[in-house]
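Student: Numbering (the numbering used here), first residue to last: -5 to 296.
Here it is: the structure, laid out below.
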């Protein structure tokens, strides 16, 4: 039985996909590989120590994704860990034992900062992640900068790293500080269906003591989704009570594309009544966004 990390499995010379795969971790990487391998007709079991998949994301939309993957045949073992692996047998903490052809470890990414000379210059770091000034991306040592996945307490996203590089280079070249608004950076899980999120959700808002209002609309009531037979999922939009739009979560077809119009609303702190005035073409998937916005104003059509 092969045991691998997520980046290693892409380099295996599989003559055919493994018949039975155990994926450890139900974060973005674990869910993406579960969806991919399920499409390749592998029998997939996902093990997650938390109570739900995609911890930290909106519970309603992540629950919808789990429901859709389960319908396709993916098995989720939540509140469960692995006690050991014996040959082809995986021993789960709930006492169950199952045989697999491969085990994929997808419990997070470690920074590649060992043996690159950090100790020689005494750059401040935590568990290998480098501490930076988020206004400039300068480290604790003057004129040394860091960005991307090795930076402490920032999202490990390629598009975030691109923006961090632009911010750092702008400061180096001109002295102008251009910090990023991390709440306005979209997060996408490339499963089928996709899940995308921007800004705050109910749980994050509660942690920040922000009172919010929310509205959601199902793709079941969207003409384009019904026509293309992709009418499972929903759009949720959050606004601060009597204030601007602060976030959204989407699970459904093209969620990774649809999240970007809400990105502008979050970044520009648009009010629900302002955003709801814009007209969405019919029939399009993004009508679900329009309906959610109308719902925030108490004027939903469908």
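Glycine included, each C-beta is placed from N, C-alpha and C at the ideal position.
Model, not experiment: these values are computed from the prediction.
In terms of residue numbering, what span does the alpha helix (DSSP H) encompassing residue 29 cover?
Tutor: 22 to 33 is the extent of the alpha helix (DSSP H) around residue 29.
Student: State buried or exposed for residue 252, treating a residue as buried only when at least 16 other CB atoms are found within 10 Å of its CB.
Tutor: So residue 252 counts as buried.
Student: Quick check: what's the CA-CA separation for residue 134 versus residue 141?
Tutor: For residue 134 and residue 141, the distance between alpha carbons rounds to 13 Å.
Student: Which same chain residues end up closer than 7 Å to residue 60 when comparing Cβ atoms and leaving out the 5 residues on each side of it in sequence?
Tutor: Counting only Cβ-Cβ distances below 7 Å, and skipping sequence neighbours, we find 47, 70.
Student: Between the Cα of residue 268 and the Cα atoms of 54, 236, 148, 184, which residue gives the shortest distance?
Tutor: For the residues 54, 236, 148, 184, the minimum Cα distance to residue 268 belongs to 236.
Student: With a threshold of 7 Å on Cβ separation, who are the neighbours of residue 285 within its own chain once the five nearest residues in sequence on each side are excluded?
Tutor: Closer than 7 Å at Cβ, skipping near neighbours: 211, 294, 295, 296.
Student: Using DSSP's beta-bridge definition, name the partner residues of residue 86.
Tutor: In the DSSP output, where bridge partners are listed per residue, residue 86 has 76.
Student: Can you give the beta carbon distance from residue 233 to residue 187, rounded, assuming they're within the 8 Å contact cut?
Tutor: About 25 Å separates the two Cβ atoms, so there is no contact after all.
Student: Starting from residue 165, trace the beta strand (DSSP E) both ways and give me its first and last residue.
Tutor: Counting along the chain, residue 165 falls outside any beta strand (DSSP E), though it belongs to the alpha helix (DSSP H) covering 152 to 168.
Student: Taking C-beta to C-beta, are residue 206 and residue 190 nearer than 8 Å?
Tutor: Result no, Cβ atoms of residue 206 and residue 190 do not sit closer than 8 Å.
Student: Given that a residue counts as buried once 16 or more other Cβ atoms are within 10 Å of its Cβ, and exposed if not, what is residue 39?
Tutor: Answer is buried; the Cβ neighbour count reaches 16.
Student: Would you check whether the ligand MN has a heavy atom nearer than 7 Å to the C-beta of residue 175?
Tutor: Looking for the ligand MN in the displayed structure turns up nothing, as the structure carries no ligands at all.
Student: My parser needs the beta strand (DSSP E) runs of 3 or more residues fully inside the segment 225 to 294; what are they?
Tutor: For the segment 225 to 294, whole beta strand (DSSP E) runs of length 3 or above, ordered along the chain, are 228 to 234, 239 to 246.
Student: Using the three-state DSSP reduction, which class does residue 309 fall into: helix, strand or coil?
Tutor: Past the boundaries of the shown model lies residue 309; the chain is included only from -5 to 296, so the question cannot be answered.
Student: Between which residues of its own chain and residue 91 is the CB-CB distance below 6 Å, once the five residues before and five after are set aside?
Tutor: Closer than 6 Å at the Cβ level, and outside the excluded window around residue 91, lie 83, 85.
Student: Roughly how far, in whole angstroms, is the beta-carbon of residue 21 from the beta-carbon of residue 100, given that I think they are within contact range, below 8 Å?
Tutor: Contact holds; Cβ gap of about 7 Å.
Student: Among the candidates 15, 54, 73, 275, whose CA atom is the shortest distance from the CA of residue 208?
Tutor: Selected option, being the one with the closest Cα: 54.
Student: Provide the residue span of the beta strand (DSSP E) that contains residue 214, from first to last.
Tutor: From DSSP, residue 214 is part of no beta strand (DSSP E); its letter is neither H nor E.
Student: Select from 245, 240, 248, 280 the residue whose C-alpha is nearest the C-alpha of residue 263.
Tutor: Of the listed residues, the one whose Cα sits closest to residue 263 is 240.
Student: Spatial neighbours of residue 132 within its chain, please: CB distance less than 6 Å, with the 5 preceding and 5 following residues excluded, ordered by chain position.
Tutor: 139, listed in sequence order.
Student: To the nearest angstrom, report how far apart residue 109 and residue 199 are at their CA atoms.
Tutor: Near 39 Å, if we compare the C-alpha coordinates of residue 199 and residue 109.
Student: Tell me whether the beta-carbon of residue 297 lies closer than 8 Å to the beta-carbon of residue 114.
Tutor: Residue 297 is absent from the structure shown; the chain starts at -5 and stops at 296.
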